[in-house]
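**Q**
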Amino acid sequence: MTQDAIEMIDVDKWFGDFQVLKGINLNVKPGDRVVICGPSGSGKSTVVRCINRLETHQKGVIRIGGVVQDGSAKALEAIRSEVGMVFQQFNLFPHLTVMENLLLGPMKARGLSRKDAEARAMKYLERVRIPEQAHKRPGQLSGGQQQRVAIARSLCMEPKVMLFDEPTSALDPEMISEVLDVIVELAVEGMTMVVVTHEMGFARKVADQMVFMDEGEIVETGTPEEFFTAPKSQRTQTFLKQILSH
Amino acid sequence: MRVLFSLAALLVLSGCGSSDIWGWYVVNPMTPAGWTNIKFLVNGMGATILLSLIAASISMVLGLIVALPGLSERRGIRVINRVYVEFIRAIPLLPMLFWVFYGLPIVFKSMGLNIQIDPFWGAIITLALSDSAFTAEIYRAGIQSIAKGQTEAAKTIGLSYIQTMRYVILPQAIRRILPPLANQFIYIVKMSAFASVIGMQELTRRANELVVTEYRPLEIYTLLIVEYLVLVLLISAGVRWLERKMGSDERG
Numbered sequence: 002m003t004q005d006a007i008e009m010i011d012v013d014k015w016f017g018d019f020q021v022l023k024g025i026n027l028n029v030k031p032g033d034r035v036v037i038c039g040p041s042g043s044g045k046s047t048v049v050r051c052i053n054r055l056e057t058h059q060k061g062v063i064r065i066g067g068v069v070q071d072g073s074a075k076a077l078e079a080i081r082s083e084v085g086m087v088f089q090q091f092n093l094f095p096h097l098t099v100m101e102n103l104l105l106g107p108m109k110a111r112g113l114s115r116k117d118a119e120a121r122a123m124k125y126l127e128r129v130r131i132p133e134q135a136h137k138r139p140g141q142l143s144g145g146q147q148q149r150v151a152i153a154r155s156l157c158m159e160p161k162v163m164l165f166d167e168p169t170s171a172l173d174p175e176m177i178s179e180v181l182d183v184i185v186e187l188a189v190e191g192m193t194m195v196v197v198t199h200e201m202g203f204a205r206k207v208a209d210q211m212v213f214m215d216e217g218e219i220v221e222t223g224t225p226e227e228f229f230t231a232p233k234s235q236r237t238q239t240f241l242k243q244i245l246s247h
Numbered sequence: 002m003r004v005l006f007s008l009a010a011l012l013v014l015s016g017c018g019s020s021d022i023w024g025w026y027v028v029n030p031m032t033p034a035g036w037t038n039i040k041f042l043v044n045g046m047g048a049t050i051l052l053s054l055i056a057a058s059i060s061m062v063l064g065l066i067v068a069l070p071g072l073s074e075r076r077g078i079r080v081i082n083r084v085y086v087e088f089i090r091a092i093p094l095l096p097m098l099f100w101v102f103y104g105l106p107i108v109f110k111s112m113g114l115n116i117q118i119d120p121f122w123g124a125i126i127t128l129a130l131s132d133s134a135f136t137a138e139i140y141r142a143g144i145q146s147i148a149k150g151q152t153e154a155a156k157t158i159g160l161s162y163i164q165t166m167r168y169v170i171l172p173q174a175i176r177r178i179l180p181p182l183a184n185q186f187i188y189i190v191k192m193s194a195f196a197s198v199i200g201m202q203e204l205t206r207r208a209n210e211l212v213v214t215e216y217r218p219l220e221i222y223t224l225l226i227v228e229y230l231v232l233v234l235l236i237s238a239g240v241r242w243l244e245r246k247m248g249s250d251e252r253g
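Chains as they are written, first to last, in the numbering used here: chain A, 2 to 247; chain B, 2 to 253.
#1: Which residue or residues does DSSP assign as beta-bridge partners of Pro-223 (chain A)?
#2: Mind checking Asp-18 (chain A): buried by the 16 CB within 10 Å criterion, or exposed?
#3: Could you tell me the alpha carbon to alpha carbon distance between Leu-98 (chain B) and Gly-123 (chain B), rounded to whole angstroms?
#4: Using 10 angstroms around the beta-carbon of Gly-191 (chain A), count the other beta-carbons present and answer buried if the total reaches 16, otherwise exposed.
#5: If we cut at 7 Å on Cβ distances, does Ile-7 (chain A) have a partner in chain B?
#6: Would you mind telling me which residues of chain A sit closer than 7 Å to Tyr-168 (chain B), beta carbon to beta carbon, in chain order?
#7: Could you pull out every residue in the same chain whose Cβ sits closer than 6 Å to the Cβ of Phe-88 (chain A), ignoring the five residues on either side in sequence?
#8: For Pro-172 (chain B), return the contacting residues in chain A, with the cut-off set at a CB-CB distance below 7 Å.
#9: Which runs of the alpha helix (DSSP H), 4 residues or longer, sit entirely within the segment 36-93 of chain B?
#10: Just to confirm before moving on: does the CB-CB distance between Leu-160 (chain B) and Ser-131 (chain B) stay below 7 Å?
#11: Would you be able to state if there are at least three C-beta pairs under 8 Å between the segment 67-82 of chain A and the segment 22-33 of chain A?
#12: At a Cβ threshold of 7 Å, is Met-158 (chain A) touching chain B?
#13: Lys-110 (chain B): buried (16+ other C-beta within 10 angstroms of its C-beta) or exposed?
#14: What did DSSP end up calling Asp-13 (chain A) once you bin it into helix, strand or coil?
#15: Please say whether Gln-147 (chain A) and Arg-203 (chain A) have beta carbons closer to each other than 7 Å?
#16: Would you decide whether Leu-234 (chain B) is buried or exposed? Buried here means 16 or more other CB atoms lie within 10 Å of its CB.
#17: Starting from Gln-20 (chain A) and walking both ways along the beta strand (DSSP E), at which residues does that stretch end?
#18: Less than 7 Å between the beta carbons of Val-197 (chain A) and Val-49 (chain A), yes or no?
#19: In terms of residue numbering, what span does the alpha helix (DSSP H) encompassing Ile-52 (chain A) cover?
#20: Should Asp-173 (chain A) be labelled buried (16 or more other beta-carbon atoms within 10 Å of its own) or exposed?
#21: How would you list, in chain order, the residues of chain B whose beta-carbon sits under 7 Å from the beta-carbon of Gly-85 (chain A)?
#22: Tell me which residues of the segment 9-33 of chain A have at least one Cβ-Cβ distance to chain B shorter than 7 Å, keeping chain order.
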């Protein structure tokens with residue numbers, strides 16, 4: 002049996018008195034491409050943020066590459082070495098150039114030499130098709146370019162799993178596809194990924210597991226085929242009708 | 002109220018006009034005695050500046066150390082910051098100066114340490130301590146103004162807390178921290194006048210001593226105020242220059 006990349010068992014989380022996650026169970030195997038969708042406030046981002054411990058859960062078990070996430074240094078190390086993350090707001094470091102953004106993790110956290118880190122950075126900048134922007138500041142790039150830099154920055158850490166938290170929600174419409182194309186390529190190359198998105202066309206193309214969340218629960222999971230053509234739950238049907246009506 | 006102000010203005014104006022209350026000869030640069038007095042007064046400038054610079058430097062380091070626990074997510078750690086800031090901020094400078102200069106050596110002695118505190122270091126310790134509560138708040142506000150997403154992104158690429166501060170947060174926060182920090186320096190320069198009461202030979206102390214021998218408080222203290230005014234205006238110009246520089250950096 003192969004080790005699950007991510008395993009969530011009965012995970013509960015509260016913000017104060019408000020329960021944001023209710024009994025979340027999720028298994029992501031190496032190579033899986035999971036897309037999480039659902040209405041705003043349904044807890045989808047929180048699931049992703051719990052996986053790499055930007056948020057802490059209060060009950061249940063989360064394992065990353067078999068390591069139980071208990072907040073220990075060893076557990077955090079497992080996350081930082083195996084899980085990459087791309088944020089809705091890019092979160093590039095505005096005071097550094099694109100190249101410096103990409104060098105920081107490999108050089109400071111991994112101890113790579115500048116030469117090796119630069120070679121690696123150029124490799125991933127080419128992969129997201131913007132090597133020519135290496136010496137600009139993030140503020141000089143378009144939103145789509147910034148998000149591709151953010152993806153490259155994450156890839157520079159050579160993670161086994163990539164988390165995408167609404168990677169195209171902050172983008173102008175004409176820039177969405179350039180970012181989705183990069184993510185699709187990663188998917189085709191076999192990267193394990195969990196993507197929170199409202200882009201249903203993209204979900205259908207890359208996902209091999211769809212997860213629908215509402216009010217902190219996983220309402221339905223299934224293959225894209227089942228999910229889009231024959232959703233089981235009433236809530237999923239309503240959501241799909243709303244989101245696909247235009 | 003208005004009558005009172007009018008009366009006061011009248012009094013000052015009439016006073017300025019009459020030559021018998023002003024005796025500028027004490028600081029007349031054209032006479033040897035006056036020139037000696039001016040040199041005596043202005044020579045305190047070096048001590049005031051040195052005192053302020055060293056105290057401000059210590060306060061900047063101390064303030065950062067105090068600010069960091071204030072940014073923790075854990076309440077127990079944040080309390081350290083709050084207690085320090087509230088406590089230090091509540092103590093007036095003069096009593097703290099007396100406590101450090103006259104009281105602290107006794108504490109040292111009881112611990113078996115033979116540490117004498119001279120007026121210079123007594124003043125520096127007090128100014129730095131007192132000011133650090135304010136610099137800590139400046140750091141905290143500056144660091145908190147950097148979006149949370151920056152810390153999160155730094156975490157996800159494996160940076161430690163220290164690395165995140167060093168490479169991501171502080172370089173961005175410094176642009177918002179430096180101008181108010183420089184402003185705070187003006188506060189230190191002015192408060193350094195208190196060092197005169199423990200015998201530190203700075204601007205105010207020298208003015209006091211000259212008043213005792215020359216018996217011309219009006220002229221000497223007027224000149225003293227002008228000395229501080231020049232010093233503070235120079236620093237203000239420096240702060241504005243710094244703000245412009247920082248601002249243009251941010252746009253680029």
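For each residue, glycine too, the CB sits at the ideal point set by N, CA and C.
**A** Reading it off the structure:
#1: Here residue 223 (chain A) refers to the residue found at position 222 when the first sequence is read from its first residue. The identity of residue 223 (chain A) in the sequence shown is Gly, whereas the question assumes Pro. Gly-223 (chain A) is bridged to A:Met-211.
#2: One-based indexing of the first sequence puts residue 18 (chain A) at position 17. By the 10 Å Cβ count, Asp-18 (chain A) comes out exposed.
#3: The residue given as residue 98 (chain B) occupies position 97 in the second sequence. The residue given as residue 123 (chain B) occupies position 122 in the second sequence. So the alpha carbons of these two residues sit roughly 7 Å apart.
#4: The residue labelled residue 191 (chain A) in the question sits at position 190 within the first sequence. Gly-191 (chain A) is exposed by the Cβ-count criterion.
#5: Residue numbering aside, residue 7 (chain A) sits at position 6 when the first sequence is read from its first letter. Not an interface residue.
#6: If you number the second sequence from 1, residue 168 (chain B) lands on position 167. Those are Leu-105 and Lys-109, listed as they occur along chain A.
#7: Here the question's residue 88 (chain A) lines up with position 87 in the first sequence. Once the five neighbours on either side are set aside, the close Cβ partners of Phe-88 (chain A) are Asp-166.
#8: Counting from 1 along the second sequence, the entry for residue 172 (chain B) is found at position 171. Under the 7 Å cutoff, chain A gives His-96.
#9: 46-68 and 76-91
#10: As a first step, residue 160 (chain B) must be located in the second sequence, where it is residue number 159. As a first step, residue 131 (chain B) must be located in the second sequence, where it is residue number 130. No, these two residues do not count as a Cβ contact at 7 Å.
#11: Segments in contact, no.
#12: Locating residue 158 (chain A) in the first sequence gives position 157, where the first residue counts as 1. It does; some Cβ of chain B falls within 7 Å.
#13: Stepping through the second sequence from its first residue, residue 110 (chain B) is reached at position 109. Burial call: exposed.
#14: What you label residue 13 (chain A) is simply residue 12 of the first sequence in a count that begins at 1. Of the three classes helix, strand and coil, the one that applies to Asp-13 (chain A) here is strand, per DSSP.
#15: For the purposes of this step, residue 203 (chain A) is taken as residue 202 along the first sequence, with counting starting at 1. For the purposes of this step, residue 147 (chain A) is taken as residue 146 along the first sequence, with counting starting at 1. Note that residue 203 (chain A) is Phe in the sequence shown, not Arg. Contact flag unset, no.
#16: As a working note, residue 234 (chain B) is residue 233 in the second sequence. That one is exposed.
#17: Locating residue 20 (chain A) in the first sequence gives position 19, counting from the first residue. That run of the beta strand (DSSP E) goes 19-29.
#18: By 1-based counting over the first sequence, the position of residue 197 (chain A) is 196. By 1-based counting over the first sequence, the position of residue 49 (chain A) is 48. It is a contact, given that the beta carbons lie within the stated cut-off.
#19: If you number the first sequence from 1, residue 52 (chain A) lands on position 51. Where Ile-52 (chain A) is concerned, the enclosing alpha helix (DSSP H) stretches over 45-52.
#20: Taking the first sequence and counting its residues from 1, one reaches residue 173 (chain A) at position 172. With a threshold of 16 other beta carbon atoms within 10 Å, Asp-173 (chain A) falls short and is exposed.
#21: The residue you call residue 85 (chain A) lines up with position 84 of the first sequence. Going along chain B in sequence order, the residues near Gly-85 (chain A) (Cβ under 7 Å) are Thr-157.
#22: none
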